[in-house]
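Chemist: Residue numbers (my numbering): -17 to 137.
#1: Exposed or buried, which one is residue 118 when buried takes at least 16 other CB atoms within 10 Å?
#2: Within the same chain, show all residues whose beta-carbon is closer than 8 Å to that of residue -10, passing over the 5 residues directly before and after it, in chain order.
#3: Hey, could you find the ends of the alpha helix (DSSP H) residue 50 is sitting in?
#4: From residue 145 to residue 116, what distance separates their C-alpha atoms?
#5: Per DSSP, residue 78 is paired with what?
#6: Closest by CA to residue 100, which one among -2, 10, 1 and 17?
#7: I'd like the ranges of any alpha helix (DSSP H) spanning at least 4 consecutive residues and lying wholly in the segment -11 to 58.
As structure tokens, then:
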């Protein structure tokens, strides 16, 4: 059954946890498929971002895989193998490893991160098709309130 076939009254009684779970899985699958089409994985992109002083890293310092795993705790998926993904990036010359097993972003890796970042607007455009910004903001406000009501925290 699609949401177009459910009345507003029926939707009001639907469990938010079900719909947020379905939405999460669909969105992640779509984003990851588009990234693979462009030649990289979402965990690879996160590794580059977390090591870039021009993105998430506060100082551009190197990090070990366990440190990166900890930094990505909120969004890494159980099936993501950061050690294997890092090895791919080392093989591409986008990361290097020092004698203390810290990974460092190379100039080539930074260029790749910037290039991959350019894919995000097209992905967002497809996902937001038919949704105006006001409706999107309302949906996020509702989700944030649900999180608050459940005792969670939303950044």
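Even glycine gets a Cβ: it sits at the ideal position worked out from N, Cα and C.
Modeler: Taking the coordinates as given:
#1: exposed
#2: none
#3: 47 to 53
#4: Not covered by the structure: residue 145. The range shown for the chain is -17 to 137.
#5: 86
#6: 17
#7: -10 to -6, -2 to 19, 24 to 33 and 47 to 53
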